[in-house]
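This report concerns only the one structure given below.
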Ligand SMILES: NC(=O)c1ccc[n+]([C@@H]2O[C@H](COP(=O)([O-])OP(=O)(O)OC[C@H]3O[C@@H](n4cnc5c(N)ncnc54)[C@H](OP(=O)(O)O)[C@@H]3O)[C@@H](O)[C@H]2O)c1
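Residue numbers (our numbering): 12 to 276.
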């Protein structure tokens, strides 16, 4: 089932081609094609009120997410997710890693952290696990010493690691500016794993093309537990983000729902 869902989506993005050879219509855009994927509880929570990482889906969904990740040029999270979950964001399946290599792509998508003040811990898994490039998007208000320390993690590593810090935005990362920078680096397809604050930031500036949610069979509850789209939220109906339903399918004990987003820029 997961193969069918993946193949039917990305109408404007060609995930089968190596980055430089991609020739889909979206290649002409000034930003990457952006796909958000999250797992949430039946009450829309991404984790607990303590922001502790929780298991919401099972093996089948993990495999679907790994496949989605392996098909993208880059994968992005907010600093909140790095601090809460310490993810590595590597492709887990050896077969998919080999397939990427045989398509002349790096083994893992470029890993990106949206981190205005360069708070990414120097020991974070995302910086150390797996070869390849990382991008830390910081604001111009970030401490230059801290930014330099992040860059130097790559220099002190024995692995084949590259860390680039991109400055965009004054006090907070400007996501529109960032996406233009990413596109200039040949990032055509970008998967966003969360969390809710970054996802809402992307929705607010019209940058999301597809939304995939695995909805698990549990209630987490808590008014302060993170949801799919946090931030300040919209007030008026005409501001709401409108979606077109693409597929709904049962997966394990939950449901996978995929949407296209209207009016993305
Ligand atoms: N279930 C799932 O699939 C899933 C996936 C991922 C995460 N999670 C959960 O989500 C939680 C973390 O979510 P979160 O909302 O706290 O953090 P987040 O969305 O990962 O990161 C938010 C942070 O990104 C930074 N940022 C910089 N520029 C931004 C912009 N223009 N717009 C929005 N954010 C910007 C801000 O920090 P600065 O101002 O310091 O830059 C902001 O606080 C954790 O509990 C984690 O377990 C769940």
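We treat Cβ as the ideally placed atom computed from N, Cα and C, and that holds for glycine.
Asked	Found
Straight-line Cα distance separating residue 223 from residue 202	10 Å
Those runs of the alpha helix (DSSP H) which lie wholly inside the region 111-195 and span at least 4 residues	136-139, 155-166, 186-195
Min CB distance residue 128 to chain B below 9 Å	Reference to chain B is not applicable here, since this structure consists of a single protein chain.
Distance CB(residue 147)-CB(residue 86) smaller than 9 Å	no
Any non-hydrogen atom of ligand 1 within 8 Å of residue 204 CB	yes
Per-residue DSSP class, three states only, for residue 79	helix
Backbone secondary structure at residue 213 - three-state DSSP	helix
Best match in 142, 259, 229, 90 for proximity to residue 118 [C-alpha to C-alpha]	142
Residue environment, residue 195, which counts as buried when at least 16 other CB atoms sit within 10 Å	exposed
Exposure of residue 241, with buried meaning 16 or more beta-carbon neighbours within 10 Å	buried
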